[in-house]
Amino acid sequence: MFLLLLQALTGALILLIYLPVIAFWLGIPALAHLAYFLFAPFCHQLPERSFHISGVQLCVCARCLGIYLGIFAGTLFYGVIAKVFFSLKAEKGTKVSRTLRNIILIPLLLIVIDGLLNSLGVINSPGWLRFLFGTGFGFMAGWLLGMGVEDLIKLSADRGVRGKNSACASGVN
Amino acid sequence: MENREHYLKSFLIAGLLMGALSSIPGFNLGNCCCLWQWLGGLLSGWILCRSAKKPVQMGEGALVGLFSGLIGGMLFSLMSAMSFYMGAGDWNATMTEAFHSSGSEIPPEIQEVIEQAMQWISHPGLLLSIGMFFFLLVFAIMSMIGSLISVAIFEPRFALKRMRQEMKLKVNAPEQFPVPGLMNRESDLIFPRKKEE
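Chains as they are written, first to last, in my numbering: chain A, 1 to 173; chain B, 1 to 197.
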């Protein structure tokens, strides 16, 4: 249930990113202004670093778009595909392993190195590459987010059960 | 939830730092690509792993990240609200201008409905509520991810440290923590035994 809510919220974020394009088709620029206003604190919104659809700039840059799309895809993959097709389920109180750490480090290092080199002016990587690195990192982040949220729900449910049991044992009920 | 006593410290420090850095002019450039949110989450997870006495689980990392994001988001929203109310007139003008620039293509009856909706949307109070909800959402999600990454990266290292410490304690237990009443060495006794002749 909570995983579904998380997927819906990340999906809504993506819809907001594409809102200027929808607003352009509908002919309501004020909606586009609202979307730009909301994302302004979280992204530089430079036109040369953002994707355009029908000549309308999206709310965030290529890297951020990749991150948001990746997060959505990651949570969706963890919540639906991984469970249905690979029957991967987080055990209660999932502990981290070295393998998980290594899987996380690769996209994280890629996006950090690309971001640093770009901001220092050493390279100027094309939009599609930023988008790709952003998507890789976002997918990993979404997967991790799904895993963390599910584990948190299981932990809190377990705590609730233990609380009830101890109350019964002490004769409160 | 075995490390509950360390939650408050982790999310309070990280949340306040995240919120302050996101709001201070100049430093808020770090908000680009949600950098402060990621780093705030990373910090909260790191503090939790460092201070925990028992293995930290992914769910605990998510919880700490969520709360630090909410605290940071609230601080940022408050600061944004203050700056927003100072320039609210400009925003209303921009919204009205943007709406009227598209007015010619829409039929008059629909235009009227949209105009009413736009007036409602451009109301500072509603806009602020939408903004606050949105900021809290982004802060919470990004901070949770940061914290989970931190737990995944740092927990194996701190777990090893904890294990080494435990082993060290077990090996040196009698020397480090002498239990009253138990004799470790002959000299530990207050009244040493007399040697039998």
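Heads up, the beta-carbon is just placed ideally off N, CA and C, and yes, glycines get one too.
Residue i and residue j closer than 8 Å at C-beta
{"i": "Y36 of chain A", "j": "P20 of chain A", "result": "yes"}
{"i": "L160 of chain B", "j": "M58 of chain B", "result": "no"}
{"i": "S22 of chain B", "j": "G72 of chain B", "result": "yes"}
{"i": "M144 of chain B", "j": "L29 of chain B", "result": "no"}
{"i": "S68 of chain B", "j": "G131 of chain B", "result": "no"}
{"i": "F139 of chain B", "j": "Q37 of chain B", "result": "yes"}
{"i": "G127 of chain A", "j": "A62 of chain A", "result": "yes"}
{"i": "G19 of chain B", "j": "G146 of chain B", "result": "no"}
{"i": "I71 of chain A", "j": "G138 of chain A", "result": "yes"}
{"i": "L65 of chain A", "j": "L58 of chain A", "result": "yes"}
{"i": "L70 of chain B", "j": "L136 of chain B", "result": "yes"}
{"i": "F24 of chain A", "j": "S54 of chain A", "result": "yes"}
{"i": "R130 of chain A", "j": "I153 of chain B", "result": "no"}
{"i": "E155 of chain B", "j": "V56 of chain B", "result": "yes"}
{"i": "L16 of chain A", "j": "L38 of chain A", "result": "yes"}
{"i": "L3 of chain A", "j": "E150 of chain A", "result": "yes"}
{"i": "G121 of chain A", "j": "I67 of chain A", "result": "no"}
{"i": "C33 of chain B", "j": "V151 of chain B", "result": "no"}
{"i": "S77 of chain B", "j": "K9 of chain B", "result": "no"}
{"i": "I123 of chain A", "j": "L117 of chain A", "result": "yes"}
Neighbour flag for residue i against chain A, beta carbons, 8 Å
{"i": "P156 of chain B", "result": "yes"}
{"i": "H6 of chain B", "result": "no"}
{"i": "I31 of chain B", "result": "A small correction: the amino acid at residue 31 of chain B is Asn; Ile does not occupy that position in the sequence shown. So, interface residue."}
{"i": "L17 of chain B", "result": "no"}
{"i": "L48 of chain B", "result": "no"}
{"i": "Q57 of chain B", "result": "yes"}
{"i": "M82 of chain B", "result": "no"}
{"i": "V199 of chain B", "result": "The question about residue 199 of chain B has no answer here: the residues shown for chain B are numbered 1 through 197."}
{"i": "M144 of chain B", "result": "yes"}
{"i": "F27 of chain B", "result": "no"}
{"i": "G45 of chain B", "result": "no"}
{"i": "A152 of chain B", "result": "yes"}
{"i": "L148 of chain B", "result": "yes"}
{"i": "G61 of chain B", "result": "yes"}
{"i": "F134 of chain B", "result": "yes"}
Start-to-end residues for the alpha helix (DSSP H) that takes in residue i
{"i": "G70 of chain A", "result": "62-76"}
{"i": "K54 of chain B", "result": "Segment: none, K54 of chain B is in no alpha helix (DSSP H) and carries neither H nor E."}
{"i": "M18 of chain B", "result": "7-23"}
{"i": "P20 of chain A", "result": "19-26"}
{"i": "A40 of chain A", "result": "Looking at the DSSP string, A40 of chain A is not in any alpha helix (DSSP H), and its letter there is neither H nor E."}
Residues bridged to residue i [DSSP beta-bridge criterion]
{"i": "Q57 of chain A", "result": "A:H52"}
Cutoff 8 Å: residue i Cβ touching any chain B Cβ
{"i": "C59 of chain A", "result": "no"}
{"i": "V21 of chain A", "result": "no"}
{"i": "R49 of chain A", "result": "no"}
{"i": "P41 of chain A", "result": "yes"}
{"i": "A157 of chain A", "result": "no"}
{"i": "M1 of chain A", "result": "no"}
{"i": "L108 of chain A", "result": "yes"}
{"i": "V149 of chain A", "result": "yes"}
{"i": "I14 of chain A", "result": "no"}
{"i": "A141 of chain A", "result": "yes"}
{"i": "I104 of chain A", "result": "yes"}
{"i": "L201 of chain A", "result": "Any question about residue 201 of chain A goes unanswered here, given that chain A covers just 1 to 173."}
{"i": "L145 of chain A", "result": "yes"}
{"i": "L38 of chain A", "result": "yes"}
{"i": "Y9 of chain A", "result": "Rather than Tyr, the amino acid found at residue 9 of chain A in this sequence is Leu. Yes, contact with chain B."}
{"i": "H44 of chain A", "result": "yes"}
{"i": "L76 of chain A", "result": "no"}
{"i": "Y18 of chain A", "result": "no"}
{"i": "L100 of chain A", "result": "yes"}
{"i": "L117 of chain A", "result": "no"}
{"i": "I120 of chain A", "result": "Per the sequence shown, the amino acid found at residue 120 of chain A is Leu instead of Ile. Judged by the 8 Å Cβ criterion, L120 of chain A is not in contact with chain B."}
{"i": "V172 of chain A", "result": "At V172 of chain A the pLDDT is 47, less than 50, meaning the model places this residue with poor confidence; the figure from the coordinates comes in the next sentence. No, no contact with chain B."}
{"i": "L132 of chain A", "result": "no"}
{"i": "L152 of chain A", "result": "yes"}
Residue-chain proximity (residue i, chain D), Cβ-Cβ < 8 Å
{"i": "I13 of chain B", "result": "Looking for chain D here will not work: the only protein chains present are A and B."}
Exercise. Counting pairs of Cβ atoms below 8 Å between the region 140-153 of chain A and the region 73-83 of chain A, do you hit three or more?
Worked result: Short answer: they touch.
Exercise. Touch check for the region 3-17 of chain B and the region 40-60 of chain A: three-plus C-beta pairs under 8 Å?
Worked result: Cβ pair count under 8 Å is below three, so no.
For this session: Mind the definition here: the region 61-76 of chain A touches the region 2-16 of chain A only if three or more C-beta pairs lie below 8 Å; say whether that holds.
Result: Contact between the region 61-76 of chain A and the region 2-16 of chain A is present: three or more C-beta pairs spanning the two stretches fall below 8 Å.
Exercise. Taking three-plus beta-carbon pairs below 8 Å as touching, is the region 2-11 of chain B in contact with the region 105-113 of chain A?
Worked result: Output reads no: the region 105-113 of chain A does not touch the region 2-11 of chain B.
Exercise. Would you call the region 42-56 of chain B and the region 78-88 of chain B in contact, with 3 or more CB pairs under 8 Å?
Worked result: Flag = no, the region 42-56 of chain B and the region 78-88 of chain B do not touch.
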